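Q:
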Amino acid sequence: MIELFGADYSVYVRSARLALEEKGLDYTLSPIDVFAPEGVSEDYLALNPFGKIPAFRHDGFVLFETSAILRYVDEAFDGPSLQPSAVRERAVMNQILSILDSFAYRTCVWEIYVERVAKTRDGSTADEVRISSALGEARTIVSTLERLLEPGPFMLGSRPSLADCHAAPMLHLFAQAEEGAMLLKRAPGLANWLDNMRSRQSFQDTAPRQSPE
Ligand SMILES: N[C@@H](CCC(=O)N[C@@H](CS)C(=O)NCC(=O)O)C(=O)O
123 MIELFGADYS
133 VYVRSARLAL
143 EEKGLDYTLS
153 PIDVFAPEGV
163 SEDYLALNPF
173 GKIPAFRHDG
183 FVLFETSAIL
193 RYVDEAFDGP
203 SLQPSAVRER
213 AVMNQILSIL
223 DSFAYRTCVW
233 EIYVERVAKT
243 RDGSTADEVR
253 ISSALGEART
263 IVSTLERLLE
273 PGPFMLGSRP
283 SLADCHAAPM
293 LHLFAQAEEG
303 AMLLKRAPGL
313 ANWLDNMRSR
323 QSFQDTAPRQ
333 SPE
């Protein structure tokens with residue numbers, strides 16, 4: 123039995139779900155409100171002591187940290203392989219996962235998408251200084267991913283990989299901010315890749331039912 127814990131609006135939860143869907147696996151998603159004023163429950167902290175989402179359990183084996191979950195999902199189950207067998211290709215895939223965790227989540231999601239799109243939904247004003255301070259790093263993220271793209275519909279070429287599963291939820295939100303859309307216009311390969319990912323069944327089946335979309 124495969125269990126995922128989290129909220130469907132979370133980019134990290136969606137990454138894990140995309141890998142599960144691309145592998146063709148059945149799983150349950152148990153809701154965890156990570157932004158509840160009272161915080162997450164002790165029961166949830168037993169699954170993820172850092173109180174972040176997602177957490178994952180497979181037949182009693184518990185994991186947290188999305189990139190570890192992604193690799194486990196790919197390696198523990200049958201289904202199409204989501205990691206290249208060639209050492210260098212796999213290294214580039216891991217580099218992309220790391221770029222997303224170390225830079226894109228903070229810069230593209232929080233500093234730009236949340237500030238420009240999510241925060242202003244209720245009429246609040248975006249912090250322009252915060253956004254403009256993030257643009258330099260956002261440019262580097264976009265140009266680096268554009269350069270790392272292999273020819274083909276997916277980041278690493280002809281087959282989907284964990285890099286696609288991890289990047290699509292973050293870049294989907296980023297593209298909704300005017301700054302993200304503008305930077306993606308200058309990266310046509312990445313923009314095409316995002317269009318392709320958005321049209322996949324796995325992406326449609328993991329669309330959030332509540333905010334932020
Ligand atoms: N390093 C963690 C990051 C997960 C993460 O930051 N999740 C966000 C939601 S997308 C979260 O739980 N945020 C709640 C908080 O920061 O309090 C992972 O890879 O799973």
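Per this note's numbering, the sequence shown runs over residues 123 to 335. Built from N, CA and C at the ideal position, the CB exists for glycine as well. These numbers were taken from a predicted model, which means no experiment stands behind them.
For ligand 1, any of its heavy atoms closer than 7 Å to the Cβ of G274?
A: No, the beta carbon of G274 sits no closer than 7 Å to any heavy atom of ligand 1.
Q: DSSP three-state call for I218: helix, strand or coil?
A: Looking at I218 - three-state DSSP - the assignment turns out to be helix.
Q: Among S265, H294 and D165, whose alpha-carbon lies nearest the alpha-carbon of D317?
A: The candidate whose alpha carbon is nearest that of D317 is H294.
Q: If you draw a straight line from the C-alpha of P334 to the C-alpha of V133, how long is it?
A: Residue confidence is low: P334 scores 48 on pLDDT, short of 50, so the model does not pin down where it sits. No coordinate-derived value is stated.
Q: I'd like the list of long-range same chain contacts for R252, defined as Cβ closer than 7 Å, with 5 residues on each side in sequence excluded.
A: Excluding residues within five positions, the ones whose Cβ falls inside 7 Å are E233 and E237.
Q: My output table needs one value for F325: the three-state DSSP class, helix, strand or coil.
A: Helix.
Q: Just the Cα atoms here: how many angstroms apart are S207 and D249?
A: Whole-angstrom Cα-Cα distance: 44 Å.
Q: Per DSSP, what are the beta-bridge partners of S152 in this structure?
A: Answer is F127.
Q: For G128, collect the residues of the same chain with a Cβ closer than 6 Å to its Cβ; drop the 5 residues on either side in sequence, then sort them by chain order.
A: Excluding sequence neighbours, G128 sits near V135, I154, I175 and P176.
Q: Would DSSP call R139 helix, strand or coil?
A: Helix at R139.
Q: In this structure, does DSSP put R308 in helix, strand or coil?
A: It is coil, neither helix nor strand.
Q: Less than 8 Å between the CB atoms is what I'm expecting for L185 and H288, so what's the real figure, rounded?
A: 15 Å between Cβ atoms; not a contact.
Q: Would you say the beta carbon of E187 comes nearer than 7 Å to a heavy atom of ligand 1?
A: True, at least one ligand heavy atom lies under 7 Å from that Cβ.
Q: Alpha carbon to alpha carbon, how far is T242 from A299? Give it in angstroms, no decimals.
A: Roughly 11 Å between the two C-alpha positions.
Q: Taking just the CA atoms, how far does M304 sit from S152?
A: If you take the alpha carbons of S152 and M304, they lie about 36 Å apart.
Q: In whole angstroms, give me the CA-to-CA distance for A213 and L219.
A: Each residue's Cα considered, the two are about 10 Å apart.
Q: With a 10 Å radius around its C-beta and 16 neighbouring C-beta atoms as the bar for buried, classify A256 as buried or exposed.
A: The residue in question, A256, is buried, as its Cβ has 16 or more Cβ neighbours within 10 Å.
Q: Can you check which of these residues, F296, D327, R331 and E144, is closest to P282 by C-alpha distance?
A: Among F296, D327, R331 and E144, the Cα nearest to that of P282 belongs to E144.
Q: Please check the pair L267 and L204, which I expect to be a contact at CB under 8 Å, by giving their CB distance rounded to whole angstroms.
A: That pair is no contact at about 18 Å.
Q: Thinking A290 and L140 are a contact (beta carbons under 8 Å), I'd like their distance in whole angstroms, please.
A: So it is a contact: roughly 7 Å between Cβ atoms.
Q: Where does the unbroken alpha helix (DSSP H) through F296 begin, and where does it stop?
A: Here the alpha helix (DSSP H) through F296 covers L284 to F296.
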